[in-house]
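So the structure is just underneath, and the comments pick up after that.
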Amino acid sequence: MRDITITSDGCTVLARRCSSRETVQMGLVEKPEGVLVVCRTEGDTTLDVYDAPWHIGCACVTAQNLPALIEVLAGPLPSVERTLPALLTALFADDEVQFSDLLDILDAAKVPYAYRAFGPDATAVRLEGDEALMGALFE
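Numbering (our numbering), first residue to last: 1 to 139.
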């Protein structure tokens, strides 16, 4: 399987998983306006699920909602440093935890976020909260 990377200025790679069927990378981009949590998948499973050779999902949380995000992630991870990179790295260290699990955590805790998914042929968008600010984070 070809190596894939998450490339962006200031992107911290949180997790990288490789198998014979799939490569998954998760990253974090921190900006003054908020953060982007990015997941890129490539391989047979992605092809089966999305009918595309690769897929990128992005969750955006604005700066005003970061304390709520840190609080909800720190709950089940009390021994982890209370920084977003450390908490997300610990969360995704469990190979059973998927990017969609993070979205489920955000939904359950009612932490507002925006979601965008990109593939070779399409873009899906879900915006909640301040659309202009969240839109700026995706630029």
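Cβ coordinates follow ideal geometry from the N, Cα and C atoms, glycine included.
Neighbour-count burial assignment, residue i, 16 or more Cβ in a 10 Å radius
i, result
"Cys39", "buried"
"Cys18", "exposed"
"Met1", "Because the pLDDT at Met1 is just 32, under 50, the model does not fix this residue reliably, and the point stays unresolved."
"Gly75", "exposed"
"Ala108", "exposed"
"Arg21", "exposed"
Cβ neighbours of residue i in the same chain (closer than 6 Å, five flanking residues each side left out)
i, result
"His55", "Thr41, Thr46 and Gly119"
"Arg68", "Sequence inspection shows Ala at residue 68; the Arg mentioned does not correspond to that position. Once the five neighbours on either side are set aside, the close Cβ partners of Ala68 are Val111."
"Leu106", "Tyr113"
"Phe99", "Cys39 and Gly57"
Secondary structure of residue i, DSSP reduced to three states
i, result
"Tyr113", "coil"
Spatial neighbours of residue i in its chain, beta-carbon cut-off 7 Å, leaving aside the 5 residues before and after
i, result
"Ile70", "Arg82, Leu84 and Leu87"
"Asp3", "Residue placement at Asp3 is poorly supported in this model, since its pLDDT is 38, which falls under 50; the coordinates are not used for a value here."
"Phe92", "Leu14, Ala15 and Met26"
Nearest-angstrom beta carbon gap, residue j and residue i [assumed within contact, 8 Å]
i, j, result
"Gly57", "Ala117", "5 Å"
"Val140", "Val61", "An answer regarding residue 140 cannot be provided, because it is not within the stretch 1 to 139 covered by the chain."
"Ala52", "Asp104", "The Cβ separation is near 23 Å, so there is no contact."
### Task
Can you check the region 11–84 for any alpha helix (DSSP H) of at least 4 residues that lies completely inside it and give the ranges in chain order?
44–50 and 66–74
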